[in-house]
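The structure appears below as structure tokens.
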């Protein structure tokens, strides 16, 4: 029995911690980069886990300050020639353009920005890719489904370029 406010090994694994836990278990190399990150945080300490294991972050706001080209450059420099598995959480896109997700967060990237970033990663050593958190039950007019399908097309193009 777990007392209120205490955690268990299982309760520490959430949709927001799985990369950290995977790193702790030796499943992810220390060249990971998380792009488009945004969430409600209480302070800089909320990012300490990622920093402590060496993950790099390109926040959603960075695209305004750095531009799409520099976001691409930062990702490419971080990855280098190592094998890449690209996991794209659909909620990286602003909910105004991809509303059908379980954890919508305002202030996301546009579909166009994400497509440009993906195309800018051509030539990296891709070994796989996925898109997660598309929730068709919440999709009005197939807006999110169309965006996700188009991004899958871009993924496939990466593998054939």
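In UniProt numbering, the protein residues as written are 1 to 161.
Note that CB positions come from ideal geometry on N, CA and C, so glycine has one too.
Remember, predicted model here, so these are calculated numbers, not experimental data.
In terms of residue numbering, what span does the alpha helix (DSSP H) encompassing residue 60 cover?
Where residue 60 is concerned, there is no enclosing alpha helix (DSSP H), given that its DSSP letter is neither H nor E.
Could you tell me the alpha carbon to alpha carbon distance between residue 144 and residue 80, rounded to whole angstroms?
31 Å
According to DSSP, residues forming a beta bridge with residue 132
89
According to DSSP, is residue 107 part of a helix, a strand, or is it coil?
coil
Take the Cβ of residue 167 as the centre, count every other Cβ of all protein chains shown within 10 Å, and call the residue buried at 16 or more, exposed below.
Residue 167 lies beyond the stretch modelled for the chain, which goes from 1 to 161, so this question has no answer here.
Out of curiosity, what's the CA-to-CA distance linking residue 191 and residue 24?
This structure leaves residue 191 out entirely; the chain is present only between 1 and 161.
Anticipated Cβ contact below 8 Å, residue 134 with residue 148, distance rounded
5 Å
Tell me where the alpha helix (DSSP H) around residue 156 begins and ends.
143 to 160
Taking only three categories from DSSP, how would you classify residue 122?
coil
Once you ignore the five residues that flank residue 72 on each side, which residues in its own chain have a CB closer than 8 Å to its CB?
116, 117, 120 and 121
Give me the DSSP bridge partner(s) of residue 37.
59
Endpoints, the alpha helix (DSSP H) within which residue 73 is located:
68 to 79
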